[in-house]
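Numbering (UniProt numbering), first residue to last: 1 to 353. Data block below; observations after.
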Amino acid sequence: MEINFRPNLNVAIRIALSMSLLEALPMTGESLTCSALASKTSSDAEFVLRIARVLGAFDILTEGTNSEGEVTYSHTMFSRFLTGPPAKASAKHLFDNMLQAQANSAGGYYQKFGFHSPTDPKNCGFSFAHGKEDMGLFEILGAQPERMKLFNDAMMVTASFGLKELSTCYPWGELKGNKDGVVLVDVGGGKGHVVKELRGAVEGFKGQGKLVLQDMGVVLEGGVVDLDPEVKLMAYDFFKEVQPVKGANYFFKAIFHDWPDSSCPQILKNLAPAMKPTPSNPSPKLLITDLVLADHSPPAGLVLRDINMLVIGGKERSRSQWESLMNEAGFKIIGVHSQEGMPIGSVVECVLA
């Protein structure tokens, strides 16, 4: 029966974030009673107990007792992590945007449209839940500034996750540049977290114009991380435009999992002309960092990420599904480089077939 009630853990976490319960705990590790936490959060002590004991039961908080026998709570490593702005935004986005859409679509969307993976990102569970069956995630959030800000803030966690491991799990220094010296184009690179990390870690990426950060103009205009001026910024829509930078190497982090198999070929079609071999770069690479599920018995935590993407029409793919997607678009996978200790991120190395 417990599995039926497991979603209430997310409810308890969301309430704790709303009332700033975790921020009320000393970061230095001291324990507080529910009465003390109630005073610091303008809450009722009995209500604090009901929320905190759930977090304690799942080891998100540490539960104890003081010398008077009162129940106390203190931080764990995970609860400290949840006090950071990006982590809080990620948890709120998951609940407010994603889980609510799941709850409001699971009982009706598939009965109406059929029990199959969505093929149109503008007609998916998220669209159904919002009553907008001709709009996708980004259009719906774009019309609701507060939700869009929550999404963008949450994506900072995705953007920065595993960067140290990413810089060492692939031989970036062996990549060749194009005739203009451009070595790597980060396509859909957002605020530039990956570019900044790679430039600092890879000697071959230092130099004028060797790295290019591409994203939608509105994203770049919203500001990027503190990038070296040698990194070139370029507005680019990977659905509507053929890749303008020719003969370099192209990196996509957490892009393809946002889209169904029916949408990804257009991204690849717009990329392919730029990847023709040249004298300066005989073998341009397409490098993808996304989840690569095992074809058999993948871990529970990873397959749940796929259900998270299902509601927006996206997809977490297995090795064989990646191969099928690439082959159909005229590419082939020549290697999968795993990040040590980071099961949710691999570098899928592809070339033109």
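Yeah, the Cβ is synthetic: ideal placement off N, Cα and C, and Gly gets one too.
Determine the DSSP secondary structure at residue i, reduced to helix, strand or coil.
i, result
"residue 39", "helix"
"residue 124", "coil"
"residue 193", "helix"
"residue 249", "strand"
"residue 156", "helix"
"residue 130", "coil"
"residue 346", "strand"
"residue 61", "strand"
"residue 254", "coil"
"residue 6", "coil"
"residue 178", "coil"
"residue 223", "coil"
"residue 259", "coil"
"residue 92", "helix"
"residue 11", "helix"
"residue 244", "coil"
"residue 238", "coil"
"residue 206", "coil"
"residue 326", "helix"
"residue 276", "coil"
"residue 84", "coil"
Would you mind working out which of the options sits nearest residue i, comparing C-alpha positions?
i, options, result
"residue 190", "319, 251 and 40", "251"
"residue 269", "105, 237, 253 and 283", "237"
"residue 312", "213, 16 and 99", "99"
"residue 161", "345, 350 and 349", "345"
"residue 241", "259, 262 and 216", "216"
"residue 257", "7, 96 and 307", "307"
"residue 173", "184, 104, 230 and 338", "184"
"residue 249", "266, 303 and 178", "178"
"residue 263", "204, 280, 118 and 131", "118"
"residue 291", "279, 267, 304 and 107", "304"
"residue 254", "218, 327, 221 and 163", "163"
So the beta strand (DSSP E) residue i belongs to, where does it begin and stop?
i, result
"residue 333", "331 to 339"
"residue 232", "232 to 235"
Throw me the rounded Cβ distance for the residue i and residue j pair, which I believe falls under 8 angstroms.
i, j, result
"residue 335", "residue 352", "Between residue 352 and residue 335 the Cβ distance is about 15 angstroms, and since that is not below 8 angstroms, they are no contact."
"residue 37", "residue 48", "5 angstroms"
"residue 94", "residue 76", "Going by Cβ atoms, the distance from residue 94 to residue 76 rounds to 19 angstroms, so no, they are not a contact pair."
"residue 213", "residue 192", "5 angstroms"
"residue 72", "residue 9", "In fact, because the Cβ distance is near 21 angstroms, the residues do not count as touching under 8 angstroms."
"residue 271", "residue 243", "5 angstroms"
"residue 318", "residue 294", "7 angstroms"
"residue 97", "residue 25", "The Cβ separation is near 27 angstroms, so there is no contact."
If you follow the alpha helix (DSSP H) that residue i is in, where does it begin and where does it stop?
i, result
"residue 269", "264 to 271"
"residue 102", "100 to 105"
"residue 112", "109 to 113"
"residue 140", "137 to 142"
"residue 307", "300 to 310"
"residue 23", "21 to 24"
"residue 167", "163 to 169"
"residue 77", "77 to 81"
Give the DSSP bridge partners of residue i, in chain order.
i, result
"residue 395", "The displayed coordinates of the chain run from 1 to 353. Any statement about residue 395 would go beyond what the structure contains."
"residue 184", "211 and 249"
"residue 72", "33 and 64"
"residue 286", "250 and 350"
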